[in-house]
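*Asks:*
In the numbering used here, the protein residues as written are 274 to 745.
1. Apart from the five residues just before and just after residue 429, which ones in its own chain have a Cβ nearer than 7 Å to its Cβ?
2. Hey, how far is the Cα of residue 494 from the Cα of residue 488?
3. Using three-state DSSP, classify residue 445 as helix, strand or coil.
4. Tell me residue 487's beta-bridge partners as DSSP assigns them.
5. For residue 554, is the classification buried or exposed, using 16 other Cβ atoms within 10 angstroms of its Cβ as the cut-off for buried?
6. Could you give the residue range of the alpha helix (DSSP H) that holds residue 438?
7. With C-beta atoms as the reference, is residue 451 less than 9 Å away from residue 486?
8. Does DSSP put residue 316 in a helix, in a strand, or in coil?
9. Just the C-alpha distance for residue 665 and residue 612, rounded to the nearest angstrom, thanks.
10. As a quick exercise: from 565, 492, 388, pick the residue whose alpha carbon is nearest that of residue 536.
11. Can you tell me whether residue 605 is buried or exposed, with buried defined as 16 or more other CB within 10 angstroms of its CB?
12. Around the C-beta of residue 680, are 16 or more other C-beta atoms found within 10 angstroms, so that it is buried, or is it exposed?
13. Check residue 717 in the structure and name its three-state DSSP category.
14. Tell me residue 706's beta-bridge partners as DSSP assigns them.
15. Terminal residues of the continuous alpha helix (DSSP H) containing residue 336?
16. Can you tell me whether DSSP reads residue 216 as helix, strand or coil?
17. Helix, strand or coil for residue 395? Go by DSSP, reduced to three states.
18. Can you have a look at residue 731 and say buried or exposed, based on whether 16 or more other CB atoms are within 10 angstroms of its CB?
19. Is the separation between the beta-carbon of residue 544 and that of residue 383 shorter than 9 Å?
20. Can you give me the C-alpha to C-alpha distance between residue 671 and residue 683, rounded to a whole angstrom?
21. Identify which residue in 527, 707, 646 has its Cα closest to the Cα of residue 726.
22. In terms of residues, what are the limits of the beta strand (DSSP E) holding residue 643?
23. Which residues in the same chain have their Cβ closer than 7 Å to the Cβ of residue 527, if we skip the five residues on either side of it in sequence?
24. On the DSSP bridge list, what partners appear for residue 711?
25. Taking the Cβ atom as the reference point for each residue, do residue 660 and residue 617 lie within a distance shorter than 9 Å?
26. Which same chain residues, not among the five before or five after residue 457, have their C-beta less than 8 Å away from its C-beta?
27. In angstroms with no decimal places, state the Cα-to-Cα distance between residue 548 and residue 371.
28. How close, in whole Å, do the beta carbons of residue 467 and residue 426 come, if the pair is a contact with beta carbons under 8 Å?
29. Judging by CA-CA distance, which residue of 566, 589, 704 is the nearest neighbour of residue 362?
30. Looking at the structure shown, is residue 701 part of a helix, part of a strand, or coil, going by DSSP?
31. Could you please give me the residues that DSSP links to residue 531 through a beta bridge?
32. Here's a check: name, in chain order, each residue in its chain whose Cβ is nearer than 6 Å to the Cβ of residue 590, leaving out the five neighbours to either side.
33. Roughly how many angstroms separate the alpha carbons of residue 610 and residue 498, rounded to a whole number?
34. Do you know how far the Cα of residue 329 is from the Cα of residue 561?
35. Need the endpoints of the beta strand (DSSP E) that residue 614 sits in, please.
36. For the alpha helix (DSSP H) containing residue 558, name the first residue and the last one.
Here you go:
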């Protein structure tokens, strides 16, 4: 979650928030949290929603339960887009902020028993992230990507055997950003270790910012203006964050580390040059959120145990705030606007172009492997109508956990991926989609080859998504 300035609450309403919206928020947010949120250490178990898009990756389905490929069809092509694997935090800002407060409290004897262990733990975590490189793949992230590659090869042994036999090239492309470039390299290496015959077929990885970093490229100009200048967005995010529940959760978090008198001084603004109570609690939450990604770099690989410093309910609240920000800035957003996901059309178009080229005989690619970021996966999921990303909101009924299925941990965890497998029988081409390695139906209105099937004719998907079928 990006840190946004959060002013202390006053009896009045935030600018731009009507009394009706305030009442709606109070009613809806009372049910915002999941029923439970368990603490975690090095691994993810139970309810991972509190981690948002920092959640570590787990495949969504056992491949033994996949539907059988319709009789007579053989795999001829596969393509994917994957988020990079788990990584270190992008900078030391959170650790630096909270350590300034911790050092001050330590000098005054204002730490709790658990809080005394917090500072050394944070310093060790920061040291580990600096060694990995801020923003770079962690050991866990590399393993996530490698495992995804191995599972792809095992799912489609006939395809990769055919690729090797016929010498079909495998194209690897990334956003050009470090962790995406490294993820592409890890995937390609793992694929060739699983099947050495593929090694000469994987060309040098290339970068395509317009395709896989579109939120920062020329095609994202209108989107960036929305993020920077849209008043409705700013007012909505402020209304979600700047409320008593956030300050209560912040105080709860800080009281685990600092004695009550010191927490009261933080809340009163005595350390405003360092940060507010919400700033400090967000910093603790963000360290909690990134810790599982750095589990392999922890002492003995046993995890950092940052859950000791934030109660499950408070982690869930800050996780909700993080999800709300991602929902409005990258996801389904407002029902009357497609600004957050329209730009993902360039990536969806590329999926179709690669599959169509294979069908039309204008390409001999055996696989197209793409590596990108949450800022691309989340809008693509919304554009495609993938599970959890189908429900935008109105200003009067904002995003809450109570009545919206969107969760960052399932929509775009670390190493999230979308894959299309293409199968052929004669002149008929079928497509199966996997979303985080789970068989997933295409959006409503697309007709599968049979009721309940996860296989769709390519020309049906062209119809469903409004593409013109090329003429021969």
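Backbone N, C-alpha and C fix where the C-beta goes; we use that ideal spot for every residue, glycine too.
*Replies:* Let's see:
1. Working through the chain shown from its first residue, we reach residue 429 at position 156. Excluding positions up to five away in sequence, the list reads 348, 351, 694.
2. Residue numbering aside, residue 494 sits at position 221 when the chain shown is read from its first letter. Residue numbering aside, residue 488 sits at position 215 when the chain shown is read from its first letter. Rounded to the nearest angstrom, the two C-alpha atoms are 8 Å apart.
3. On the chain shown, residue 445 is found 172 positions in, with the first residue counted as 1. Strand, per DSSP.
4. Here residue 487 corresponds to residue number 214 of the chain shown, with the count starting at 1. According to DSSP, residue 487 bridges with nothing at all.
5. As a position in the chain shown, residue 554 is number 281, starting the count at 1. The residue is buried, with at least 16 neighbouring Cβ atoms inside 10 Å.
6. Along the chain shown, one-based indexing puts residue 438 at 165. Its alpha helix (DSSP H) spans residues 430-439.
7. Counted from its first residue, the chain shown places residue 451 at position 178. Counted from its first residue, the chain shown places residue 486 at position 213. Going by C-beta atoms, residue 451 is not nearer than 9 Å to residue 486.
8. Looking up residue 316 in the chain shown gives position 43. For residue 316, the predicted model reports a pLDDT of 32, less than 50, meaning its position is unreliable and no value from the coordinates is stated.
9. For the purposes of this step, residue 665 is taken as residue 392 along the chain shown, with counting starting at 1. For the purposes of this step, residue 612 is taken as residue 339 along the chain shown, with counting starting at 1. One C-alpha to the other measures close to 12 Å.
10. Counting from one through the chain shown, the residue named residue 536 turns up at place 263. The option with the nearest alpha carbon to residue 536 is 388.
11. For the purposes of this step, residue 605 is identified with residue 332 of the chain shown, where counting begins at 1. The residue in question, residue 605, is buried, as its Cβ has 16 or more Cβ neighbours within 10 Å.
12. The count along the chain shown starts at 1 and reaches residue 680 at position 407. It is buried - the Cβ of residue 680 has at least 16 other Cβ atoms within 10 Å.
13. The sequence position of residue 717 within the chain shown is 444, counting from 1. Annotated three-state conformation of residue 717 is coil, per DSSP.
14. By one-based count along the chain shown, residue 706 stands at place 433. Partner(s): 693.
15. Sequence index remark: in the chain shown, residue 336 carries index 63 (1-based). Note, residue 336: premise wrong, no alpha helix (DSSP H); not H, not E.
16. Here the chain covers residues 274 to 745 and nothing more, so residue 216 does not appear.
17. The residue labelled residue 395 in the question sits at position 122 within the chain shown. The answer is helix: DSSP assigns residue 395 an H, G or I state.
18. The count along the chain shown starts at 1 and reaches residue 731 at position 458. Taking all protein chains in view, the Cβ of residue 731 is crowded by 16 or more other Cβ atoms within 10 Å, so the residue is classified as buried.
19. Translated into the one-based positions of the chain shown, residue 544 becomes position 271. Translated into the one-based positions of the chain shown, residue 383 becomes position 110. The answer is no: Cβ separation not under 9 Å.
20. On the chain shown, position 398 is the one that residue 671 refers to. On the chain shown, position 410 is the one that residue 683 refers to. The straight-line gap from Cα to Cα measures roughly 20 Å.
21. Looking up residue 726 in the chain shown gives position 453. It is 707.
22. By 1-based counting over the chain shown, the position of residue 643 is 370. Run containing residue 643: 640-645, per the beta strand (DSSP E) assignment.
23. In the chain shown, the residue the question calls residue 527 occupies position 254. So the qualifying residues of the chain are 536, 539, 550, 553, 554.
24. Indexing the chain shown from 1 puts residue 711 at position 438. Note: residue 711 sits in a beta bridge opposite 708.
25. As a first step, residue 660 is located in the chain shown; it is residue number 387 there, counting from the start. As a first step, residue 617 is located in the chain shown; it is residue number 344 there, counting from the start. 9 Å or more divides the Cβ of residue 660 from the Cβ of residue 617.
26. As a first step, residue 457 must be located in the chain shown, where it is residue number 184. Within the same chain, 445, 446, 447, 478, 642, 644 come within 8 Å of residue 457 by CB-CB distance, once the 5 residues on both sides are set aside.
27. The sequence position of residue 548 within the chain shown is 275, counting from 1. The sequence position of residue 371 within the chain shown is 98, counting from 1. Each residue's CA atom was taken as its position, placing residue 548 and residue 371 some 9 Å apart.
28. Looking up residue 467 in the chain shown gives position 194. Looking up residue 426 in the chain shown gives position 153. Taking the Cβ atoms as the reference, residue 467 lies roughly 4 Å from residue 426, within the contact range of under 8 Å.
29. In the chain shown, counting from the first residue as 1, residue 362 sits at position 89. Looking only at 566, 589, 704, the smallest Cα-Cα distance to residue 362 is reached by 566.
30. Translated into the one-based positions of the chain shown, residue 701 becomes position 428. Residue 701 carries a strand assignment under DSSP once its states are collapsed to helix, strand and coil.
31. Along the chain shown, one-based indexing puts residue 531 at 258. DSSP lists 384 as partners of residue 531.
32. Here residue 590 corresponds to residue number 317 of the chain shown, with the count starting at 1. Counting only Cβ-Cβ distances below 6 Å, and skipping sequence neighbours, we find 522.
33. Start at 1 with the first residue of the chain shown, and residue 610 comes out as number 337. Start at 1 with the first residue of the chain shown, and residue 498 comes out as number 225. Cα-Cα distance, rounded: 14 Å.
34. Reading the chain shown from its first residue, position 288 is the one you call residue 561. Reading the chain shown from its first residue, position 56 is the one you call residue 329. Taking the straight line from one Cα to the other gives about 13 Å.
35. Numbered from 1 along the chain shown, position 341 holds the residue referred to as residue 614. No beta strand (DSSP E) contains residue 614, which DSSP labels as neither H nor E.
36. The residue labelled residue 558 in the question sits at position 285 within the chain shown. Its alpha helix (DSSP H) spans residues 550-563.
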